[in-house]
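Asks:
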């Protein structure tokens, strides 16, 4: 089995067994192809632990972070674990290689005042500005991933029940409630700005571009950055900034962690627990500011 065959078999197995998204499979494939190129004249199934250590060392020398190195090693461990189970190799070359120690990653978030300023930034007198306001309202009201937001179809919105039927990572479906204010913005967008943007054309997508097509994640990310600058928000932002704010603000106001887990579509509670650290930091700040002995 050569490198290309091994990668294809591995990715097919991941898709069949776990239903991973195309983006996740593409990331695995990219890491494995990078290792295959580094190996040059040796096929992936023939690699040993020295090869793996050498590859990871070369990546660190090239300047990748510990987190990225850990991700690449995790990919290799999963790949060689699969080959071992399928009896394609006699030993796992990654078995004795430990992942680098990582600090706990705390995603950046916005204060409630920051979010309010961001939501007010679009100029709703224009069709694009009204669309953007509706998108921001939905994003903050639901905690969707940006990819889930731009991929929303008309049929996924239930106005009567006030919820969205979201297809998340691994094609897992979840129902997410939407507040009355966000629903109102979407209804006004559909009856006004959306019709103007489509100009008689048809589209299954809820949020459309000036050309009537679907918006990309990258395009909406640029929109968020532009409005953050307009709102005077001088903080590091990520495409998931409003998702992080959604989770943090829910916990700050007493929401149960498992409820937040379901709303975010996390399969593992440990992924959601990162937000409790942000909420605790906020509580400490409030204590220091307002307690006489803080």
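Numbering (the numbering used here), first residue to last: 1 to 294.
Where a beta carbon is used, it is the ideal one built from N, C-alpha and C, also for glycine.
Quick caveat, the model's predicted, so the values are computed rather than measured.
1) Spatial neighbours of residue 217 within its chain, please: CB distance less than 7 Å, with the 5 preceding and 5 following residues excluded, ordered by chain position.
2) Of the choices 163, 236, 31, 22, whose alpha-carbon is the least far from that of residue 77?
3) With DSSP collapsed to three states, give me the class of residue 239.
4) Pick out whichever of 93, 84, 183 has its Cα sitting closest to the Cα of residue 206.
5) With 16 as the cutoff for other CB atoms within 10 Å, does residue 200 come out buried or exposed?
6) With a cut-off of 8 Å on the beta carbons, I'd call residue 138 and residue 186 a contact; round off their distance for me.
7) Quick test of the definition: if touching needs 3 or more C-beta pairs under 8 Å, does the region 165 to 179 touch the region 117 to 133?
8) Would you call residue 197 buried or exposed, if buried means 16 or more other Cβ atoms sit within 10 Å of its Cβ?
9) What are the boundary residues of the beta strand (DSSP E) that includes residue 173?
10) Could you tell me which of 22, 23, 29 sits nearest to residue 10, measuring between CA atoms?
11) Determine which residues share a DSSP beta bridge with residue 30 and list them.
12) Excluding the five sequence neighbours on either side, which residues of its own chain have a C-beta within less than 8 Å of the C-beta of residue 213, listed in chain order?
13) For residue 249, is the classification buried or exposed, using 16 other Cβ atoms within 10 angstroms of its Cβ as the cut-off for buried?
14) Mark residue 229 as exposed unless 16 or more other C-beta atoms lie within 10 angstroms of its C-beta, in which case mark it buried.
15) With burial defined as no fewer than 16 other Cβ atoms inside 10 Å of the residue's Cβ, what is the status of residue 172: buried or exposed?
16) Less than 8 Å between the C-beta atoms of residue 189 and residue 141, yes or no?
17) Below 8 Å between beta carbons: does that hold for residue 42 and residue 51?
18) If we ignore side chains and look at the alpha-carbon of each, how far apart do residue 81 and residue 92 end up?
19) Just to check my reading of the structure: residue 166 and residue 144 have Cβ atoms closer than 8 Å, yes? What is that Cβ distance to the nearest angstrom?
20) Can you round the beta-carbon distance between residue 170 and residue 21 to whole angstroms, since I take them to be within the 8 Å contact cut?
21) Could you pull the start and end residues of the alpha helix (DSSP H) that residue 150 belongs to?
22) Taking the alpha helix (DSSP H) that residue 198 falls in, what are its first and last residues?
23) How many angstroms separate the CA atom of residue 119 from the CA atom of residue 27?
24) From residue 224 to residue 89, what does the alpha carbon distance come to, in whole angstroms?
25) Can you tell me whether DSSP reads residue 164 as helix, strand or coil?
26) Among the residues of its own chain, which have a CB less than 7 Å from the CB of residue 45, if the five just before and after it don't count?
27) Starting from residue 203, follow its DSSP beta bridges and name the residues at the other end.
Replies: With the given structure in hand:
1) Spatial neighbours of residue 217 in its own chain (CB-CB distance under 7 Å, excluding positions within 5 residues in sequence) are listed in chain order as 146, 147, 150, 239.
2) Selected option, being the one with the closest Cα: 31.
3) Note: residue 239 maps to coil in three-state DSSP.
4) Closest option to residue 206, Cα to Cα, is 183.
5) Classification of residue 200: exposed, given that the 10 Å Cβ count is below 16.
6) Indeed, because the Cβ distance is near 6 Å, the residues count as touching under 8 Å.
7) Taking a cut-off of 8 Å on C-beta distances, the region 165 to 179 does not touch the region 117 to 133, as fewer than three cross pairs fall below it.
8) Looking at its Cβ environment, which holds 16 or more other Cβ atoms inside 10 Å, residue 197 is buried.
9) Element bounds for residue 173: 173 to 177.
10) When each option's Cα is compared against that of residue 10, the closest is 29.
11) In the DSSP output, where bridge partners are listed per residue, residue 30 has none listed.
12) Taken in chain order, the residues that qualify are 203, 205.
13) Classified as buried, residue 249 has 16 or more neighbouring CB atoms from the shown chains inside 10 Å of its CB.
14) Here residue 229 is exposed. Its C-beta has fewer than 16 other C-beta atoms within 10 Å.
15) That one is exposed.
16) It is not a contact, given that the beta carbons lie outside the stated cut-off.
17) In contact: residue 42 and residue 51 (Cβ atoms closer than 8 Å).
18) If you take the alpha carbons of residue 81 and residue 92, they lie about 7 Å apart.
19) Their Cβ separation, rounded to whole angstroms, is 6 Å, which keeps residue 166 and residue 144 in contact under 8 Å.
20) Right, their Cβ atoms sit about 6 Å apart.
21) In the DSSP assignment, residue 150 falls within the alpha helix (DSSP H) that extends over 146 to 150.
22) 193 to 198 is the span of the alpha helix (DSSP H), which, as asked, contains residue 198.
23) About 33 Å.
24) Looking at the two C-alpha atoms, the distance is approximately 48 Å.
25) Under the three-state reduction of DSSP output, residue 164 falls in the strand class.
26) Excluding positions up to five away in sequence, the list reads 1, 6, 83, 88, 89.
27) Residue 203 is not bridged by DSSP to any residue.
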